[in-house]
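Each residue of the first sequence is one higher than the last, beginning at 363 in this note's numbering.
Reading through the structure tokens given below for one structure.
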Amino acid sequence: MGRQPCCEKVGLKKGPWTAEEDQKLVAFLLSHGHCCWRLVPKLAGLLRCGKSCRLRWTNYLRPDLKRGLLSDDEEKLVIDLHSQLGNRWSKIAARLPGRTDNEIKNHWNTHIRKKLKKMGLDPVTHQPVAASRADPLQDPQQDPHCDGKASSQESAGYGTGASAEEEALTSAEPKQGATCSASTASAVSPSPCSSSSASASASAATPGGADVDWPDPLDLFQVDAIIDMDWASILSGSGGGGDIGVDLFDQCSDVGFDQEVWM
DNA sequence: AAACGAATCAACCGCATGTCT
DNA sequence: CAGACATGCGGTTGATTCGTT
């Protein structure tokens, strides 16, 4: 038997998120947190798969995200971490508070790689190109379409050597970025520094430029407590979620949802 | 002003990993 | 231990924006 798809793709919306969808997702996650992503779109009233919701939240809507270009310090840190960890973007992102793996990956591919090349360094090995590559014309990274294969092979190479190093790194340094990692508990932990910028950029980047009525930033600080308490009430239908909890618990029973998990 | 190519970045896809039964 | 499932991760794609001619 094959693996089940992450969601039923029939009738699900794809492509760029609208302001309305963003608003629904943010409003839902801020008031309820998330239990399992597969249920989030149903509970939030979105025609998206859970995966898509998670991605949108972690990469774009999370209130603790910084926006804008990486600072010089951040960029240096990324380069340094990349030299140690390879293409483990999530590990790198965990060290940069408010940055996402996707953002760092994009920044690496568009900016840093070029910079390193200009400096005569191989962006993969971080060694001078002459030393690491005999024939620059054969450089597979000149062709973006070959790049993926090259980098995945190379990152596999990193993978063999990086784990011990990575563990040392992880244990040695204070996890400043841990609050921004993708762990369940931290996913909705806001920081005061960036909620407004997240709101601004989210609405700015919304297709059509429509403004969104974002929640008061002060509300963001209540989310952790909400996560602890509100899923039980929403799913039992007795709490702030109102009817939605009852309806959706019924709906979700057919996907193996166990109410007791959230009680 | 229009056309074109390059650059950027949000979003998707498929696989890997972790957890539970 | 094996299978099922949910989530996370990294690579890639494609739409949009920007810069140049």
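All C-beta atoms in this analysis are idealised placements derived from N, C-alpha and C, irrespective of residue type, glycine included.
It is roughly 35 angstroms from the alpha-carbon of G377 to the alpha-carbon of Q446.
Residue pairing by DSSP puts P490 in a beta bridge opposite L483.
Assigned with DSSP and collapsed to three states, C415 falls in helix. For L432, the number of other beta carbons within 10 angstroms of its own is at least 16, and it is reported as buried. With a contact defined as Cβ atoms closer than 8 angstroms, V486 and I466 miss out at about 16 angstroms. Taking every protein chain shown into account, the CB of Q489 has fewer than 16 other CB atoms within 10 angstroms, so this residue is exposed. P459 sits in coil when the DSSP states are folded into three classes, being neither helix nor strand. Taking C-beta atoms under 8 angstroms as the contact rule, D435 and W451 fail to qualify, at a distance of about 18 angstroms.
Using a Cβ distance threshold of 8 angstroms, L408 and C397 do not count as a contacting pair.
In the structure shown, P425 falls within a coil segment according to DSSP collapsed to helix, strand and coil. Rounded to the nearest angstrom, the Cβ distance from D426 to G460 is 6 angstroms, consistent with a contact under 8 angstroms. In the structure shown, T420 adopts helical secondary structure according to DSSP, grouped into three states.
In this structure, R418 is the residue among R418, K476, A456, W470 with its C-alpha nearest to the C-alpha of D384. Around the beta-carbon of L405, 16 or more other beta-carbon atoms lie within 10 Å, marking it buried. DSSP, reduced to helix, strand and coil, places R475 within a helical segment of the structure shown. Judged by DSSP secondary structure, H444 falls within the alpha helix (DSSP H) whose first and last residues are 434-447.
The straight-line gap separating the alpha-carbon atoms of E382 and L478 is approximately 40 angstroms. H469 is the residue among G373, V402, H469, W399 whose C-alpha sits nearest the C-alpha of G430.
In the DSSP annotation of this structure, the continuous segment of the alpha helix (DSSP H) that includes K386 starts and ends at 381-394.
The distance from the Cβ of R410 to that of K375 is about 6 angstroms, consistent with a contact at the 8 angstroms cut-off. Per the coordinates, the alpha-carbon of L391 lies some 11 angstroms from the alpha-carbon of T420.
As the crow flies, the alpha-carbon of W399 is around 7 angstroms from that of K413. For the pair H394 and T472, the Cα-to-Cα distance works out to about 36 angstroms. Check the Cα spacing between D442 and each of R475, L387, T380: the tightest is with R475. For A455, the CB contacts under 6 angstroms within the same chain, skipping 5 residues up- and downstream, are R461, T462, D463, I466 in chain order. Annotated three-state conformation of P403 is helix, per DSSP. Spanning the alpha carbons of K428 and G373 requires a straight line of approximately 33 angstroms. Assignment of K453 by DSSP, reduced to helix, strand and coil, places it in the helix class.
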